[in-house]
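Colleague: One structure is given below, represented as structure tokens, and several questions about it will come after.
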Amino acid sequence: MCMKVLVELANRAREVSGVRIYKKNVEAVLSAVLKSGDFWEIVDMSSLPVPAASGIVKVLIDEGILFIDDEENIKLTQKGFDFVRELGIETFEDHLCKACEGRGIPFYAELNLYREFLQLTKDRPKAIRDYDQGSVTPETTISRVLFMDSRGDLRNKDIIVLGAEDDLTGLAVALTRKAKSVLVIDIDKRLIDFDNQIFKELGIDNARAMVWDLRNPFPKDML
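Residue 244, in our numbering, is where the sequence shown stops; the numbers in between run on with no holes.
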């Protein structure tokens with residue numbers, strides 16, 4: 022009976038998200054919720070695109086299996102606990118490499134860059150729901166930049182970072198001092214001002230950040 026319900030939940034989540042979703046994806050989200058109530062950690066642990074995970078969570082809330090507490094954590098209701106127990110769903114287990122956290126590139130390969138980034142961003146703007154922000158860890162951001170470098174996409178390149186600067190990836194790229202130029206574009210003025218202030222303080226004159234809503238076409242002078 023529960024397996025049939027899983028299929029029905031997956032079908033409803035597919036309608037909500039517009040993304041193909043299977044019962045195993047619903048199981049993955051429930052397994053992740055047993056581990057963490059943070060939405061972005063649930064996305065990561067379930068290995069799903071954001072729209073799919075969001076659609077599943079919404080349907081499970083509508084069904085009374087999940088709820089959001091006062092601290093905006095996603096939790097199982099008693100009905101939810103009974104549901105996962107009957108299905109035999111267990112808490113998510115992470116078997117990724119502890120050194121690189123499954124990224125393949127350890128952030129500590131460039132410790133000076135990591136330490137500088139960590140120090141400069143200790144007072145970074147907080148993520149806000151207005152723009153569906155959810156910043157990754159500093160270690161993830163630095164590993165991302167090192168991955169770019171390993172693929173030949175950093176040194177002496179003109180780089181544009183479009184949106185998602187809540188991770189401060191554009192700032193991290195600029196801090197390497199290896200790119201030819203860096204342009205960061207994001208809708209959040211707080212992040213743009215934060216980046217530009219650091220660029221100015223450190224004399225990184227080949228990097229700049231500007232506010233723009235990427236839902237709108239770029240003006241000709243930006244192309």
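Yeah, the Cβ is synthetic: ideal placement off N, Cα and C, and Gly gets one too.
Quick one: grab the DSSP three-state call for Asp207.
Modeller: strand
Colleague: Please specify which runs of the alpha helix (DSSP H), each continuous and at least 4 residues long, are wholly inside the segment 83-118, giving them in chain order.
Modeller: 99-108
Colleague: Okay, do the segment 81-92 and the segment 117-131 touch, 3+ Cβ pairs below 8 Å being the bar?
Modeller: no
Colleague: Along the chain, where does the beta strand (DSSP E) containing Val182 start, and where does it finish?
Modeller: For Val182, the enclosing beta strand (DSSP E) stretches over residues 179-183.
Colleague: Alpha carbon to alpha carbon, how far is Thr161 from Phe113? Give it in angstroms, no decimals.
Modeller: Near 21 Å, if we compare the C-alpha coordinates of Thr161 and Phe113.
Colleague: Thinking Lys178 and Ala200 are a contact (beta carbons under 8 Å), I'd like their distance in whole angstroms, please.
Modeller: 6 Å
Colleague: Using only CA atoms, which one of Phe220, Ile225, Gly76, Ile206 lies nearest to Pro238?
Modeller: Ile206
Colleague: Starting from the Cα of Val71, find the closest Cα among Ser202, Gly191, Ala34 and give me that residue.
Modeller: Ala34
Colleague: Taking Cβ positions, are Thr197 and Arg165 nearer each other than 8 Å?
Modeller: no
Colleague: How should Ile181 be labelled, buried or exposed, when 16 other C-beta atoms within 10 angstroms of its C-beta is the threshold for buried?
Modeller: exposed
Colleague: Quick check on this structure: which residue in Ala230, Lys221, Lys241 has the alpha carbon closest to the alpha carbon of Lys210?
Modeller: Ala230
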